[in-house]
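Enquirer:
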Amino acid sequence: MNAPSRFLLGVCLCLFLIAARAAQDPLPAWSDGSSKRAIIDFVQRVTTAGGPDFVPVAERIAVFDNDGTLWSEQPAYFQLLFAIDRVRALAPQHPEWKTQQPFQAVLDNDIDALADAGEQGLLQLLMASHAGMTTTEFETIVSEWLATATHPKFKRPYTDLVFQPMLELLEYLRANGFKTYIVSGGGIEFMRPWVNGVYGIPPEQVIGSSIKVQYVLRDGVPVLERLPEIDFIDDKEGKPVRIHQFIGRRPLAAFGNSDGDLQMLQWTAAGEGARFMLLVQHTDAAREYAYDRKSHIGKLDKALDEAGEKGWTVVDMKNDWKTVYPFMP
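Quick note: the sequence shown, position 153, residue 238 per this note's numbering, numbers continuous.
1) Quick one: is H367 buried, meaning 16 or more other Cβ sit within 10 Å of its Cβ, or exposed?
2) Quick test of your reading: D170 and A234, contact by CB under 8 Å. State the CB separation rounded to the nearest angstrom.
3) Give the DSSP bridge partners of Y300, in chain order.
4) Would you call the CB atoms of S119 and N404 closer than 8 Å?
5) Where do the N-terminal and C-terminal ends of the beta strand (DSSP E) with V148 fall, by residue?
6) Please go through the same chain and pick out, in chain order, the residues whose beta-carbon is closer than 7 Å to the beta-carbon of M276, but skip the five residues on each side of it.
7) Nearest-angstrom Cα distance between E310 and L211?
8) Counting beta carbon pairs with one atom in the segment 248–261 and one in the segment 220–233, are three or more of them shorter than 8 Å?
9) Where do the ends of the beta strand (DSSP E) carrying A161 lie?
10) Would you tell me roughly how many angstroms separate the C-alpha atoms of L199 and P287, rounded to the nearest one?
11) Using the rule of at least 16 other Cβ atoms within 10 Å of the residue's Cβ for burial, across every protein chain shown, is D319 buried or exposed?
12) Starting from M413, follow the beta strand (DSSP E) in both directions and report where the run begins and ends.
13) Got a sec: is the Cβ-Cβ distance from S157 to anything in chain D below 8 Å?
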């Protein structure tokens with residue numbers, strides 16, 4: 086064999102080995118370490134037929150928080166940023182908002198006043214921006230906003246700010262017979278228009294907070310109209326309740342990032358047999374954000390302590406993830 090042929094053969098062999106290694110690694114964006122090993126070990130144990138931890142496909146349920154777990158949540162929950170943009174768009178129809186809080190704070194871009202408005206003020210913004218339309222109209226408004234709005238730091242669409250390692254994890258679980266659900270404190274109808282295209286999770290597998298809707302006839306056509314009243318807050322203790330009501334099975338695996346997810350992880354851990362609980366800890370100020378115990382958004386304090394006590398997996402974003410977003414190298 087001449088030298089050029091040997092060189093070409095060597096290149097082909099290297100490419101084959103690289104491709105084979107990539108094919109064998111279900112989580113290439115994850116650094117080799119304890120978090121990645123724990124995930125793979127759990128999946129192998131519950132999917133190995135005849136093994137002591139084997140779980141039938143029908144019982145392989147995995148639940149994921151959304152904000153801070155599957156996509157970013159800083160400098161504010163993206164749904165709140167949507168509500169703020171929506172209030173500004175509706176302001177010409179509401180001249181009274183110029184002197185009425187919390188709307189005045191939004192129009193004046195007064196962050197301190199908006200923070201002072203508290204939970205009640207945020208609810209006012211959500212009701213003004215999320216109600217008074219049909220469910221179909223709201224879906225269109227959300228889709229149009231996501232198609233045009235960009236993140237203030239990264240200058241990219243919000244749906245670009247999903248975590249590549251978590252996308253791989255979703256695919257890995259589904260490839261092993263898991264049914265993946267979102268269980269989020271965010272609005273269910275804010276998430277449903279886009280989660281299938283971004284996460285591969287269909288809208289019927291999305292559980293979230295909701296406002297009341299009513300059936301009405303509009304020009305003889307039946308529609309569902311969104312009302313300015315809270316129906317259910319899917320956060321903290323509400324998450325296990327909604328999982329029970331909508332899924333009807335205790336999850337095998339639960340993934341979150343904040344104290345708002347603690348009860349969901351506790352509920353999952355309390356089941357019999359092999360269970361897997363994971364928290365994403367935001368430790369990467371360079372590629373994303375760094376925050377945990379003292380943050381007003383995505384506070385991770387009690388859940389972090391309990392994870393340490395009970396041996397749950399805690400992902401260190403800076404060290405456990407080779408990349409953060411799909412658009413990053």
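Cβ coordinates follow ideal geometry from the N, Cα and C atoms, glycine included.
Expert: Once the coordinates are examined:
1) Here residue 367 refers to the residue found at position 282 of the sequence shown. By the 10 Å Cβ count, H367 comes out buried.
2) Position 85 of the sequence shown, counting from 1, holds the residue named residue 170. Position 149 of the sequence shown, counting from 1, holds the residue named residue 234. Contact holds; Cβ gap of about 6 Å.
3) One-based indexing of the sequence shown puts residue 300 at position 215. Among the bridge pairs identified by DSSP, Y300 is matched with L309.
4) Along the sequence shown, read from residue 1 onward, the residue named residue 119 stands at position 34. Along the sequence shown, read from residue 1 onward, the residue named residue 404 stands at position 319. The criterion of a C-beta distance shorter than 8 Å is not satisfied by S119 and N404.
5) Residue numbering aside, residue 148 sits at position 63 when the sequence shown is read from its first letter. V148 -> beta strand (DSSP E) spans 146–149.
6) The sequence position of residue 276 within the sequence shown is 191, counting from 1. Take M276, set aside five residues on each side of it, and the residues of its chain with a beta-carbon closer than 7 Å to its own are N151, I267, S269, V291, G293, in chain order.
7) Working through the sequence shown from its first residue, we reach residue 310 at position 225. Working through the sequence shown from its first residue, we reach residue 211 at position 126. Between E310 and L211, the C-alpha separation is close to 15 Å.
8) The segment 220–233 vs the segment 248–261: no contact.
9) If you number the sequence shown from 1, residue 161 lands on position 76. It is not in any beta strand (DSSP E) - A161 carries neither H nor E in the DSSP assignment.
10) Start at 1 with the first residue of the sequence shown, and residue 199 comes out as number 114. Start at 1 with the first residue of the sequence shown, and residue 287 comes out as number 202. Roughly 34 Å between the two C-alpha positions.
11) Residue 319 sits at position 234 when you count from the first residue of the sequence shown. Classification of D319: buried, given that the 10 Å Cβ count is 16 or more.
12) For this step, residue 413 is matched to residue 328 along the sequence shown. That residue, M413, is in no beta strand (DSSP E); it is neither H nor E in DSSP.
13) The structure shown contains no chain D; it is built from a single protein chain.
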